[in-house]
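Residue numbers (the numbering used here): 776 to 984. No residue lacks a Cβ here, since even glycine has one placed at the ideal position from N, Cα and C.
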């Protein structure tokens, strides 16, 4: 299967924002307005200490010049891999718009205050789910998850607000590269990348498709 891309769309250097986070903000706003379903959905790829990769889709919960933030159980596979091998790649697959954004960078935990502030904004059911689920662990059946949720609901029945679990929190991917990809005809796609140099400055460069 192969779809052709529109001839009059693309991304050129004069149209590029002066920094990656401004450019991402432009494209993210476009994705929200398009509208795309869950435009903040992104593929997060991590690898263990031996280099074995894994990937999954999670929701972006914030971004700024320091990076991209999402939340997880630190004992999950991605949490454990980020601790053992603190590098990750993110992909925002905005294919209906003929666009994607690819990020590579180092992973670090956000500070506890930031985690607690976000956790407090979550629906109560999601808060209870964070306590109930030992994410990525083998469970015997669905009933075990439901029982753990009921136990969490009973534990915190009279507690308001529910505290954030100590094993749960935010991860920030601090970019070293951010590539903006736009589909073009004849597979001569536009690939413009922001790359941080060893000195800490950012440069932009065009990559061959």
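Item                                                                                                                            : Value
Given residue 906 as reference, the closest of 849, 839, 788 once Cα atoms are compared                                         : 849
Cβ contact check for the segment 957-971 and the segment 860-878: 3 or more pairs under 8 Å                                     : yes
Element boundaries [beta strand (DSSP E), containing residue 944]                                                               : 943-957
Cut-off 6 Å between Cβ atoms - residues of its own chain near residue 890, not counting five sequence neighbours on either side : 939, 944, 945
Nearest-angstrom beta carbon gap, residue 949 and residue 881 [assumed within contact, 8 Å]                                     : 5 Å
Supposed close pair residue 863, residue 819 - CB separation, criterion 8 Å                                                     : 6 Å
Closest by C-alpha distance to residue 826, when choosing among 860, 978, 785                                                   : 860
Residue 844 vs residue 971 beta-carbon contact at 8 Å                                                                           : no
Pick from 977, 974, 979, 780 that is closest to residue 870, judged by C-alpha positions                                        : 780
Supposed close pair residue 903, residue 928 - CB separation, criterion 8 Å                                                     : 6 Å
Whether residue 879 touches residue 951 by CB criterion (8 Å)                                                                   : yes
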